[in-house]
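Numbering (UniProt numbering), first residue to last: 1 to 260.
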């Protein structure tokens with residue numbers, strides 16, 4: 001079976017190497033000066049009634065185009081108005097149809113935290129995230145060695161960014177340490193892209209309950225959110241459920257009402 005994650009990571013290394021040839025880290029460092037302090041995604045989720053992290057995503061490797069014509073200017077403000085606690089914005093172009101410009105466009109339009117969702121393998125990408133206005137970054141255990149994950153977490157914190165650590169299985173529990181801001185369980189296997197929300201329930205009791213826990217992917221029913229809350233989750237990252245509808249903001253609003 002084709003391992004989609006390996007293909008994505010190989011392409012990401014190639015992309016980052018090309019970007020470094022165009023803009024050096026020293027140049028990125030100069031651009032960081034004067035960037036406003038980041039918002040806390042962790043605190044936003046703790047304070048939120050819904051806990052919904054609404055995702056802006058145009059396509060996926062498994063489904064193809066979900067909403068090719070999607071515009072940040074239309075969907076992101078609608079997510080905010082509908083009650084999103086935070087935003088997740090895909091910035092991978094080849095596989096997800098996104099880009100850093102999507103965060104740059106979204107930042108002035110909303111006052112809630114923005115997560116840069118990408119396959120972070122190099123601190124260069126952390127500088128990029130800071131410059132375009134992200135407040136947090138996703139680090140994927142399946143894409144990193146533990147020491148890489150720790151180093152990237154420390155660098156993110158130096159830059160004032162929070163970290164959402166994503167795991168998929170019990171084998172990745174050792175990646176969790178006290179420096180991690182939020183722990184996410186991806187219900188989608190990144191090798192096969194098979195999705196099963198029961199993955200969150202299977203891992204719930206093994207996760208540190210003092211952490212802000214987030215369930216990611218495959219959530220399409222408000223009743224599932226209610227069950228996940230009872231299992232200890234505070235955040236729920238949902239994208240395709242909203243993005244595949246004509247009006248993602250309205251879909252989110254109906255979903256939030258269903259979770260109450």
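We put the beta carbon where it would ideally sit given N, CA and C, even for glycine.
By the CB criterion at 7 angstroms, residue 86 and residue 160 fall outside the cutoff. Per DSSP, the unbroken alpha helix (DSSP H) holding residue 44 starts and ends at 41 to 47.
Scanning 181, 9, 4 for the CA closest to the CA of residue 145 turns up 9. Within the segment 62 to 97, the runs of alpha helix (DSSP H) that reach at least 4 residues and sit entirely inside it are, in chain order, 72 to 82.
Rounded to the nearest whole angstrom, the CA to CA distance from residue 229 to residue 217 is 15 angstroms. In the DSSP annotation of this structure, the continuous segment of the beta strand (DSSP E) that includes residue 56 starts and ends at 52 to 56. Here residue 197 is near residue 219, since their CB atoms are less than 7 angstroms apart.
Restricting attention to beta strand (DSSP E) runs no shorter than 3 residues, the segment 91 to 173 encloses them at 114 to 117, 136 to 140, 162 to 167, ordered along the chain. In this structure residue 235 touches residue 212 by the C-beta definition: roughly 6 angstroms separates them, less than 8 angstroms. Beta bridge pairing from DSSP links residue 188 with 195. With respect to the 7 angstroms criterion, residue 222 and residue 259 are classified as neighbours on the basis of their beta carbons. When DSSP states are grouped into helix, strand and coil, residue 233 belongs to the coil group. Counting only the Cα atoms, residue 97 lies some 18 angstroms from residue 114. Rounded to whole angstroms, the gap between the alpha carbons of residue 168 and residue 142 is 8 angstroms.
According to DSSP, residue 59 shares a beta bridge with 65. By the Cβ rule, the segment 15 to 32 counts as touching the segment 116 to 136, because three or more pairs are nearer than 8 angstroms.
Approximately 28 angstroms separates the beta-carbon atoms of residue 130 and residue 4; this is outside 8 angstroms, ruling out the contact. When secondary structure is reduced to three states using DSSP, residue 213 falls in the strand class. The beta carbon of residue 179 is closer than 6 angstroms to those of 153 in its chain, skipping five residues each way along the sequence. By the Cβ neighbour-count rule, residue 92 is buried, with 16 or more other Cβ atoms within 10 Å of its own.
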